[in-house]
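These notes are about the structure you will find just below.
2 protein chains.
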Amino acid sequence: MKKGLVILYTGRGKGKTTAALGLALRAWGHGFQVCVIQFIKGRQDTGEAAALRRLQGVDLHVTGRGFLFGPETPESDRAAAAEGWRLARERMASGRYRLLVLDEITYAVNRGMVDLQELLGCLEKRDGRLHVVITGRDAPSSLVEAADLVTEMREVKHPLSRGVKAQAGIEF
Amino acid sequence: MKKGLVILYTGRGKGKTTAALGLALRAWGHGFQVCVIQFIKGRQDTGEAAALRRLQGVDLHVTGRGFLFGPETPESDRAAAAEGWRLARERMASGRYRLLVLDEITYAVNRGMVDLQELLGCLEKRDGRLHVVITGRDAPSSLVEAADLVTEMREVKHPLSRGVKAQAGIEF
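Residue numbers (numbering that gives the first Met the number 0), protein chains in the order written: chain A, 0 to 171; chain E, 0 to 171.
This is how it looks when you write it as structure tokens:
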């Protein structure tokens with residue numbers, strides 16, 4: 000039995016987005032059409048953006064506006080997440096893709112910017128060959144339930160706690 | 000302070016090699032020279048191999064001969080690991096690279112195919128701007144100690160335990 004998987008990378012450790020990017024690279028290497036939507040990261044100058052834009056057959060959308068710190072969610076961020084989610088639904092329904100990455104969507108879900116039930120419904124109804132990769136901390140239990148493969152990235156040691164700054168090629 | 004990091008992805012969960020590949024993609028997007036050495040995987044027809052061979056500035060070596068199951072390590076596998084390690088040392092010393100991935104090298108270390116003290120010595124002596132990414136289960140504690148960033152990929156749910164076969168674009 001071969002089927003499209005829902006893959007969830009969660010937990011507080013580093014490696015969630017990078018593992019999703021690795022799957023995108025691997026899928027692209029097999030000639031699959033790939034779509035990556037970044038829901039929170041707002042930078043357009045990341046290594047992944049520069050790289051993915053050079054890979055023919057990869058469709059990248061950076062719809063985020065940067066990390067949300069406070070308890071309030073500005074309307075502009077809500078609108079950005081809504082646009083990301085509109086694109087995601089459209090890509091899922093199109094039948095054109097074999098791998099779709101919803102990067103950091105759990106943050107948007109946990110802030111009510113993307114409706115969890117709607118996400119679960121779209122995963123359930125999707126083309127059976129489409130793999131969907133979801134990343135972000137604090138994945139809701141119903142999303143863990145819906146996923147086929149779940150890895151928790153557990154932080155054992157983090158360089159930022161050792162006084163090393165975020166740097167190009169590693170953090171972004 | 001900006002410096003080359005030693006990044007270790009370990010644990011039993013999926014996402015270690017893919018996270019390393021994601022870092023390779025990100026680094027390549029920033030224009031860095033990247034080298035990836037696969038110590039155990041022996042397949043040449045993986046998605047990552049097809050993809051990385053198309054990225055100019057990425058140097059890929061699949062030196063592995065496939066996963067080792069039994070307690071014995073055949074001489075041919077020892078010779079393959081020795082060749083991978085020779086390449087790794089040469090790449091580390093060359094000064095040409097900004098990111099080096101030693102994929103699944105922990106298995107080679109734990110079987111005595113690559114000497115742990117020699118690996119630690121090479122990490123210590125390397126060019127300060129070179130990032131080294133190490134993957135594999137059961138990383139020795141001295142390697143955890145030497146690393147700047149360590150994530151344990153913890154298996155929460157695995158599709159192969161749900162009757163789904165390994166498939167192109169996801170598992171390889």
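Positions of the beta carbon are idealized from the N, C-alpha and C atoms, including for glycine. Since we're looking at a predicted model, the values are computed, not measured.
Mark residue i as exposed unless 16 or more other C-beta atoms lie within 10 angstroms of its C-beta, in which case mark it buried.
{"i": "residue 47/E", "result": "buried"}
{"i": "residue 103/E", "result": "buried"}
{"i": "residue 19/E", "result": "buried"}
{"i": "residue 111/E", "result": "exposed"}
{"i": "residue 137/A", "result": "exposed"}
{"i": "residue 37/E", "result": "buried"}
{"i": "residue 172/E", "result": "Residue 172/E is absent from the structure shown; chain E starts at 0 and stops at 171."}
{"i": "residue 76/A", "result": "buried"}
{"i": "residue 3/E", "result": "buried"}
{"i": "residue 73/E", "result": "exposed"}
{"i": "residue 118/A", "result": "buried"}
{"i": "residue 159/A", "result": "exposed"}
{"i": "residue 83/A", "result": "buried"}
{"i": "residue 30/A", "result": "exposed"}
{"i": "residue 21/A", "result": "buried"}
{"i": "residue 50/E", "result": "buried"}
{"i": "residue 135/E", "result": "buried"}
Any idea what DSSP makes of residue i, helix, strand or coil?
{"i": "residue 116/A", "result": "helix"}
{"i": "residue 44/E", "result": "coil"}
{"i": "residue 154/A", "result": "strand"}
{"i": "residue 96/A", "result": "coil"}
{"i": "residue 36/A", "result": "strand"}
{"i": "residue 59/E", "result": "strand"}
{"i": "residue 149/E", "result": "strand"}
{"i": "residue 163/A", "result": "coil"}
{"i": "residue 169/A", "result": "coil"}
{"i": "residue 72/E", "result": "coil"}
{"i": "residue 86/E", "result": "helix"}
{"i": "residue 122/A", "result": "helix"}
{"i": "residue 7/E", "result": "strand"}
{"i": "residue 54/A", "result": "coil"}
{"i": "residue 24/E", "result": "helix"}
{"i": "residue 101/A", "result": "strand"}
Would you grab the beta carbon distance between residue i and residue j for me? Rounded to a whole angstrom, and I think it's under 8 Å.
{"i": "residue 17/A", "j": "residue 154/E", "result": "So it is not a contact: roughly 18 Å between Cβ atoms."}
{"i": "residue 8/E", "j": "residue 168/A", "result": "Not really, about 16 Å apart at Cβ, beyond 8 Å."}
{"i": "residue 39/E", "j": "residue 10/E", "result": "Contact flag wrong, Cβ pair sits at about 16 Å."}
{"i": "residue 131/E", "j": "residue 122/E", "result": "6 Å"}
{"i": "residue 6/E", "j": "residue 147/E", "result": "7 Å"}
{"i": "residue 27/E", "j": "residue 67/E", "result": "No, residue 27/E and residue 67/E are not in contact; Cβ-Cβ is about 30 Å, not under 8 Å."}
{"i": "residue 97/E", "j": "residue 129/E", "result": "6 Å"}
{"i": "residue 24/E", "j": "residue 24/A", "result": "5 Å"}
{"i": "residue 35/E", "j": "residue 80/E", "result": "Wrong, their Cβ atoms sit about 16 Å apart, outside the cutoff."}
In chain E, what lies closer than 8 Å to residue i by C-beta?
{"i": "residue 27/A", "result": "46 and 50"}
Since residue i meets chain E, which of its residues come closer than 7 Å, beta carbon to beta carbon?
{"i": "residue 157/A", "result": "148"}
Interface residues of chain E around residue i at Cβ under 9 Å?
{"i": "residue 31/A", "result": "46, 167 and 168"}
Could you tell me which chain A residues have their CB closer than 9 Å to the CB of residue i, listed as they occur along the chain?
{"i": "residue 21/E", "result": "14, 16, 17, 18, 19, 20, 21, 22, 23, 24 and 47"}
Strictly below 7 Å CB to CB, what residues from chain B border residue i?
{"i": "residue 61/E", "result": "In summary, chain B is missing from the structure at hand, where the protein chains are A and E."}
Determine the chain A residues that contact residue i at a beta-carbon separation under 8 Å, and present them in chain order.
{"i": "residue 8/E", "result": "14"}
Quick one: does the C-beta of residue i sit closer than 7 Å to a heavy atom of the ligand COA?
{"i": "residue 140/A", "result": "With respect to small molecules bound, the structure shown includes none, and the ligand COA cannot be examined in it."}
**Interface positions of the region 127–155 of chain A facing chain E (Cβ-Cβ less than 8 Å), listed along the chain** = 130, 143, 146, 147, 148, 149, 150, 151, 152, 153, 154 and 155
**Request:** Residues of the region 87–103 of chain E with a CB closer than 7 Å to any CB of chain A: list them in chain order, please.
**Result:** 97 and 98
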